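Per this note's numbering, the sequence shown runs over residues 825 to 903. The block underneath contains the structure these notes are about, expressed in structure tokens.
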Amino acid sequence: MITHDLLDAYEAVKGEYEKLPWGKKPDEQLWETVDEILLDLHLIKHGYASDGYERHIERKLKEVCADLSVAERMRALRI
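This is how it looks when you write it as structure tokens:
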């Protein structure tokens, strides 16, 4: 699950997984999920995604985020 702690780490290194301290690295696949969703949200914001794809991303946010506040934070992130 994507949590506020994970997003704190993501923001601290501006999404660069390699810059995280050794031993403090979250699951790499989850990190990539954050990357993918942020890219999708960027595309949606700028009108490059269909309504169907936007609904798909909204469902994905609900599935992978720990709670609604995490999903809202994902929508607001600017990396």
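No residue lacks a Cβ here, since even glycine has one placed at the ideal position from N, Cα and C. Computed from a prediction, not measured in an experiment: that's the story for all the values here.
Could you name the residues that DSSP lists as bridge partners for ILE868?
Paired residue(s): none; ILE868 is not in a bridge.
Take the Cβ of LEU865 as the centre, count every other Cβ of all protein chains shown within 10 Å, and call the residue buried at 16 or more, exposed below.
With 16 or more other CB atoms across the displayed protein chains lying within 10 angstroms of its CB, LEU865 is buried.
I think LEU862 touches LEU901, with their Cβ atoms under 8 Å apart; what is that distance to the nearest whole Å?
Yes, they are in contact, since the Cβ atoms of LEU862 and LEU901 sit about 6 Å apart, within 8 Å.
Find the nearest neighbour of LEU885 within the set LEU854, HIS870 and SER874, judged by alpha-carbon distance.
The candidate whose alpha carbon is nearest that of LEU885 is LEU854.
Pairwise C-alpha distance: TYR877 and ALA836
Rounded to the nearest whole angstrom, the CA to CA distance from ALA836 to TYR877 is 29 Å.
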